[in-house]
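**Student:**
Residue numbers (the working numbering), protein chains in the order written: chain F, 21 to 377; chain V, 106 to 496.
1. Counting C-beta neighbours from all protein chains within 10 Å, is the total for residue 413 of chain V 16 or more, i.e. buried, or is it exposed?
2. To which residues of the same chain is residue 64 of chain F closer than 6 Å at the C-beta, ignoring the five residues directly before and after it?
3. Assuming residue 225 of chain F and residue 116 of chain F make a contact with CB atoms under 8 Å, what is their CB distance in whole Å?
4. Assuming residue 184 of chain F and residue 114 of chain F make a contact with CB atoms under 8 Å, what is their CB distance in whole Å?
5. Could you work out which residues of chain V lie near residue 272 of chain F, taking near to mean beta carbons separated by less than 8 Å?
6. Beta-carbon of residue 432 of chain V versus every beta-carbon of chain F: anything under 9 Å?
7. Please tell me whether residue 413 of chain V has its Cβ less than 9 Å away from any Cβ of chain F.
8. Check the Cβ of residue 404 of chain V against every Cβ in chain F and list those closer than 7 Å, keeping chain order.
9. Between V:475, V:369, V:313, V:348, which has its C-alpha nearest residue 465 of chain V's C-alpha?
10. Measuring CA to CA, which of V:332, V:109, V:261, V:488 is closest to residue 212 of chain V?
11. Taking 7 Å as the limit between beta carbons, can you name the residues of its chain near residue 300 of chain F, skipping five residues before and five after?
12. Against chain V, does residue 27 of chain F count as a neighbour if the rule is that its beta carbon must be under 9 Å from one of theirs?
13. With C-beta atoms as the reference, is residue 247 of chain V less than 9 Å away from residue 260 of chain V?
14. For residue 301 of chain F, does the three-state DSSP call read helix, strand or coil?
15. What residue from F:222, F:202, F:321 has the CA that sits closest to residue 242 of chain F's CA?
16. Measure the CB-CB distance between residue 57 of chain F and residue 223 of chain F and report whether it falls below 9 Å.
17. Name the chain V residues that come within less than 8 Å of residue 308 of chain F, Cβ to Cβ?
18. Would you say residue 266 of chain V and residue 318 of chain V are within 9 Å of each other, going by their C-beta atoms?
19. Give the secondary structure of residue 195 of chain V by DSSP, where H, G and I count as helix, E and B as strand, and everything else as coil.
20. Within its chain, find whatever has a CB closer than 7 Å to the CB of residue 479 of chain V; leave out the 5 residues flanking it on each side and keep chain order.
21. So residue 481 of chain V contacts chain B; which residues on that side make the cut at Cβ distance below 8 Å?
22. Which same chain residues end up closer than 7 Å to residue 495 of chain V when comparing Cβ atoms and leaving out the 5 residues on each side of it in sequence?
23. My output table needs one value for residue 107 of chain V: the three-state DSSP class, helix, strand or coil.
24. State buried or exposed for residue 42 of chain F, treating a residue as buried only when at least 16 other CB atoms are found within 10 Å of its CB.
25. Based on Cα-Cα distance, which residue from F:307, F:344, F:105 lies nearest to residue 356 of chain F?
26. How many Å lie between residue 156 of chain V and residue 264 of chain F at the Cα?
27. Does residue 119 of chain V get closer than 9 Å to chain F when you measure Cβ to Cβ?
28. Could you pull out every residue in the same chain whose Cβ sits closer than 6 Å to the Cβ of residue 420 of chain V, ignoring the five residues on either side in sequence?
29. Where does the unbroken alpha helix (DSSP H) through residue 209 of chain V begin, and where does it stop?
30. When we look at the beta-carbon of residue 185 of chain V and count the other beta-carbons within 10 Å, is it buried (16 or more) or exposed?
31. Taking residue 385 of chain V as the query, report the chain F residues whose CB atoms sit under 8 Å from its CB, ordered along the chain.
32. Please classify residue 251 of chain V: does DSSP put it in a helix, a strand, or coil?
33. Just to confirm my understanding: we take residue 218 of chain V, look at its own chain, exclude 5 residues before and 5 after, and list those with CB closer than 6 Å. What are they?
34. Please classify residue 298 of chain V as buried or exposed, where buried requires at least 16 neighbouring CB atoms within 10 angstroms.
35. Which residue wins for smallest C-alpha separation from residue 372 of chain F, given the options V:448, V:392, V:441, V:434?
36. Quick one: which chain F residues come within Cβ less than 8 Å of residue 110 of chain V?
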């Protein structure tokens with residue numbers, strides 16, 4: 021096992037870092053946006069030009085032919101720089117289209133950023149469970165139509181198409197569909213006999229979500245690392261009672277625990293990105309990644325605010341943004357509870373977890 | 106980055122697995138773990154068998170039985186050994202004093218001590234802690250005064266693990282009480298346990314077992330050629346040794362073994378509707394620990410190789426911290442699975458050995474976050490050494 025990035029991966033990392041820092045104003049003042057916001061098309065075009073939207077797409081289909089490892093590397097830099105884009109969501113959708121049975125004509129424009137395709141897999145009033153949707157799909161001579169209500173992870177008003185799931189009562193299964201020109205209102209989208217293309221079955225969903233989860237893991241790692249760096253810097257420079265905060269052991273020990281969390285998350289993200297490259301359907305590893313980054317993200321985000329004190333609560337300061345994003349990431353593509361439940365259902369399937377398998 | 110094992114490493118893994126599960130006889134594999142007490146005979150036989158096959162001290166210099174293994178191979182060796190429940194080579198010998206003598210000892214000391222240390226012909230114990238010098242090790246007070254070719258040692262050591270079986274003790278002693286810093290006046294001496302003036306008193310612990318001792322030195326005469334390295338440089342050797350110790354205490358293979366055992370125990374413990382493994386609350390604790398152990402194991406692979414000579418990698422503190430926490434959580438889980446049977450410490454026809462051992466073992470391993478540099482010390486190592494947070 022080798023955790024060192026090769027030269028190409030290092031080059032990708034520094035290029036994305038440089039671009040992301042350019043796109044996000046590092047010094048903020050005045051009225052800083054907080055919370056969910058619409059897609060920033062300029063930033064989207066910038067990451068498309070760098071090839072990030074095509075990383076997990078094969079070269080034949082106009083992509084970069086890279087692996088989930090590269091996706092996690094790129095996502096980590098976006099997360100560290102607070103470039104809040106639906107990158108993970110778009111990667112999940114793109115992988116499902118690329119590996120699915122339809123919608124290939126969209127791929128090129130997804131990769132170049134001109135088409136925005138996102139997922140709409142949750143449903144209003146329901147916990148995350150895209151494998152058991154209320155939405156239904158019906159087959160006719162012309163193809164498929166879908167009826168139901170969906171929620172995206174992001175504002176869907178700019179989406180040119182969405183990937184979603186619906187149950188097919190006639191066939192007794194749930195499938196993955198592509199719907200073009202969704203009539204979205206914010207993050208909600210309603211389908212009434214909307215025309216849909218069937219992309220594939222639930223295996224396709226797993227593969228797409230696994231890549232999305234790797235991207236989320238990378239983003240979480242970047243956000244955690246940045247929040248930790250900021251916290252350490254603050255403890256060194258901020259003085260209280262005439263001494264730097266670093267003079268108080270209760271604070272430094274908590275910073276040490278944050279470091280441990282970040283490093284365990286780093287190991288997990290790096291490992292999972294390699295494991296899912298080798299086994300695209302390995303949902304157990306994806307769930308472990310989600311569980312670990314969910315827990316560590318919460319720990320690091322909460323402590324970053326607490327150790328900063330009042331300044332950590334302000335919209336102008338970065339740790340709040342990182343914590344916001346970490347909280348969103350935990351609730352994207354299944355939260356810690358969902359993934360722990362999925363792992364719990366599978367504990368009988370192995371004796372020990374073998375990381376070298 | 107590369108996740109999968111190369112064909113060569115895969116073959117190595119198979120070789121190790123085969124050795125530990127097939128060549129090592131059953132009575133050596135189960136002898137240690139079921140019983141909280143160490144059986145010195147089992148330990149000696151196991152280590153000699155390993156040594157005979159060149160597997161006792163792979164991290165030593167090759168001229169003294171070491172192997173030119175990669176860090177990954179060492180990890181595979183250690184993990185397969187723990188997963189098969191084979192008692193690992195005595196840590197005091199293999200991980201602590203052996204590497205110190207190999208790195209800092211005289212040629213004569215190397216030839217005299219290393220072969221019997223590898224073969225557990227000498228059983229070493231550690232004389233570091235004192236009643237007033239635990240985590241603050243450098244404040245130790247045991248003195249050694251040079252008289253001709255001998256040192257005269259007076260003082261007391263404590264928490265001396267398995268000292269009752271030991272032939273020799275490696276000790277930190279104060280040789281210069283006037284040194285400008287307390288770390289600068291310390292030396293490391295090798296002392297025979299049967300020297301006149303050495304007495305040992307057992308300390309009984311909360312699990313009822315006897316694994317640690319107090320050791321008293323009263324005008325003990327120690328030949329000067331049993332000084333390791335240079336006088337007053339003992340602190341450097343101790344830091345080197347403790348760095349190795351810390352890396353050694355992320356027992357991932359053994360945590361995984363125990364977690365798999367916990368699953369088997371849960372599956373055989375009945376409830377009204379099935380077994381405890383069917384209880385989602387219990388199964389969720391297992392699933393959660395599996396995820397956390399995976400994160401630790403991968404971290405071990407990332408950082409274990411970085412211990413540099415005389416300068417332990419502070420990142421290894423993560424391994425000590427999380428390794429001890431997870432080890433404790435898994436043992437806690439096993440007592441919870443045993444439930445009513447955990448109230449009874451003696452196995453009977455109705456109470457299985459694992460259940461009877463569960464509470465004493467759980468209690469015994471509260472030590473893991475205290476020894477080898479307490480977890481609070483590890484946090485200070487991380488905050489100071491890695492994050493640069495120094496008041």
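Note that beta-carbon positions come from the ideal geometry of N, C-alpha and C, so glycine has one too. Nothing here was measured: the structure is a model prediction, and the numbers come from that model.
**Tutor:** So, from the listed chains and residues:
1. With a pLDDT of 46 at residue 413 of chain V, under the threshold of 50, the predicted position of this residue should be treated as unreliable, though the coordinate-derived value follows. With fewer than 16 other Cβ atoms within 10 Å, it is exposed.
2. Excluding residues within five positions, the ones whose Cβ falls inside 6 Å are 133.
3. 7 Å
4. At roughly 15 Å, the Cβ-Cβ gap does not stay under 8 Å, so residue 184 of chain F and residue 114 of chain F are not in contact.
5. 484, 485, 488, 489, 492, 494, 496
6. no
7. Confidence at residue 413 of chain V is low in this model, with a pLDDT of 46, below 50, so the placement of that residue should be treated as unreliable; the coordinate-derived value is given next. Not an interface residue.
8. 283, 284, 287
9. V:313
10. V:332
11. 227, 230
12. Not closer than 9 Å to any Cβ of chain V, the Cβ of residue 27 of chain F fails to qualify, so no.
13. Yes; because the gap between Cβ atoms is below 9 Å, this pair is in contact.
14. coil
15. F:321
16. no
17. What residue 308 of chain F touches in chain V: 395, 396, 399, 400.
18. yes
19. Here residue 195 of chain V sits in coil by DSSP.
20. 240
21. This model lacks chain B altogether; the protein chains it does include are F and V.
22. Listed in chain order, the non-local C-beta contacts of residue 495 of chain V below 7 Å within the same chain comprise 489, local neighbours out to five positions each way being set aside.
23. strand
24. Counting of Cβ neighbours within 10 angstroms places residue 42 of chain F among the exposed residues, the total staying below 16.
25. F:307
26. Each residue's Cα considered, the two are about 53 Å apart.
27. no
28. 408
29. 203-209
30. With a threshold of 16 other beta carbon atoms within 10 Å, residue 185 of chain V meets it and is buried.
31. 361, 364
32. strand
33. 206
34. buried
35. The candidate whose alpha carbon is nearest that of residue 372 of chain F is V:392.
36. For residue 110 of chain V, the neighbours in chain F by C-beta distance under 8 Å run, in chain order, 21, 376.
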